[in-house]
Structure formats: C-alpha cells, structure tokens
Amino acid sequence: MFRANLFRRIKGISPIQFLILLQLNEEPKYGYEILKTLREQFRGIWEPKTGTIYPALRRLEERGFVATEHRGDKDFYSLTDKGSLLLRGLLERLEQDICFADKYYSFVFRSLPASLKARLFIKWIERKVADRIPWPPLLHVLLDKVEDKDLKLRLLKVIRRILQDRLNFIEEEIRKIES
7 MFRANLFRRI KGISPIQFLI LLQLNEEPKY GYEILKTLRE QFRGIWEPKT GTIYPALRRL
67 EERGFVATEH RGDKDFYSLT DKGSLLLRGL LERLEQDICF ADKYYSFVFR SLPASLKARL
127 FIKWIERKVA DRIPWPPLLH VLLDKVEDKD LKLRLLKVIR RILQDRLNFI EEEIRKIES
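Each number in the numbering used here comes from the position in the sequence shown (counting from 1) with 6 added on.
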C-alpha cells in the first residue's frame with residue numbers, strides 16, 4: 007500500500023542518493039558541502055555521516071549518474087545527463103507519492119482522537135516556531151526558486167486567501183468559546 011520503498015523501485019536509488027542528486031541538480035558540490043547541507047536540513051532528526059555520504063556518491067558515480075572533477079584538494083561532484091534524466095523520473099514519481107502521502111496522513115490525522123490531534127498540532131507548531139521555520143513549510147524555498155513574478159504573486163495571493171480564511175475560522179471559534 008504505502009510506497010515507502012519509492013527509490014528502491016526506480017533504478018535502485020536510495021533515499022540518501024536521492025537527496026544527493028537533488029543537491030547536485032543545483033550546482034556541482036564537494037562531498038563535505040553535501041554532508042553539511044544535509045546536517046543543517048535534518049538537524050535534530052538525523053545526523054548524516056561521511057560513511058554514508060561518500061559510499062552513496064561512489065555508487066552514483068559507478069552507475070554513471072554523477073561525475074567527479076578534481077579541483078585542487080577537493081573532489082567536486084556533478085550530475086551527468088544520465089543523472090539528470092534519472093532525477094526527472096524520480097521527481098515525477100515523487101509528485102505522485104506526495105499526493106498519496108498527503109491523503110494518507112490526512113486520513114490518519116482525521117481518524118485520531120481529538121485530544122491526540124490537539125497535542126500533536128501544538129507540538130508541531132512549537133517545533134516550527136522553535137526552528138524559526140516559515141509557514142507554510144518550504145514557502146521561502148519555493149519563492150526563492152520561482153522567477154516568474156506573476157506566478158509568484160499568484161502563489162502568494164492564494165496563500166494569503168487561505169490564511170485569511172483560517173484566521174477568520176480561528177477568530178470565530180475563539181468568540182464561540184469566550185461567549
């Protein structure tokens with residue numbers, strides 16, 4: 007049912023290799039730079055090690071998805087054409103899996119007892135505030151990547167409308183409880 011082994015089914019790519027491919031899609035990077043980015047991104051949840059990253063890079067290189075260029079005392083890794091093609095396929099599949107996961111977790115969340123939902127939501131909000139992560143999640147990343155001003159403006163207006171609707175709902179609920 008749940009496609010947890012998404013990457014194993016598409017050309018044997020592990021989740022760590024997928025994260026590496028995503029980084030290399032932006033620009034060539036050296037190994038420690040990849041490791042540092044992953045550590046920052048997964049801070050407090052997962053501590054990637056060199057013993058995980060470098061073997062994953064070697065496997066990607068052996069399969070022709072990544073090329074290495076020696077610059078000074080560092081090895082810089084970049085996507086090959088074959089790697090870019092693979093990543094495009096993975097991203098198409100990921101889009102489907104995100105839609106599935108969203109519906110799956112929405113169903114699970116709706117099925118939980120109200121008290122557990124409230125506690126989970128409070129923890130989630132507190133963690134976002136503590137991590138200073140903007141909401142909606144990844145909005146800042148998306149806005150940085152979108153160059154089309156009209157598309158960016160449309161996105162922000164949609165989010166503003168959704169947030170205004172949510173705030174109106176919250177204000178109404180507060181009025182009901184207080185009266």
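Don't be surprised by glycine CBs; every beta carbon is placed ideally from N, CA and C.
Going by DSSP, which residues form a beta bridge with V72?
Partner(s): L85.
Going by C-alpha to C-alpha distance, which of D79, E53, D87 and K80 sits closest to L27?
Comparing Cα positions, the closest option is D87.
Alpha carbon to alpha carbon, how far is F113 from F8? Give it in angstroms, no decimals.
Caution applies to F8, whose pLDDT of 46 falls short of 50 and renders its modelled position unreliable; the model cannot decide the point.
Indicate whether R65 and Q29 have their beta-carbon atoms separated by less than 8 Å.
Not a contact, by the Cβ cut-off of 8 Å.
When the Cα atoms are used, what is the spatial distance from L97 to F175?
Cα to Cα, the separation comes out at about 35 Å.
Decide if F115 is buried, meaning its Cβ has at least 16 other Cβ atoms within 10 Å, or exposed.
By the 10 Å Cβ count, F115 comes out exposed.
Evaluate F48 with the Cβ neighbour count: other Cβ atoms within 10 Å of its Cβ, from every protein chain shown; 16 or more gives buried, anything less gives exposed.
So F48 ends up on the exposed side.
Decide if G78 is buried, meaning its Cβ has at least 16 other Cβ atoms within 10 Å, or exposed.
Its Cβ having fewer than 16 others within 10 Å, G78 is exposed.
Whole angstroms are fine: how far does the CA of L85 sit from the CA of P34?
The straight-line gap from Cα to Cα measures roughly 7 Å.
Do S20 and A73 have their CB atoms nearer than 8 Å?
Going by C-beta atoms, S20 is not nearer than 8 Å to A73.
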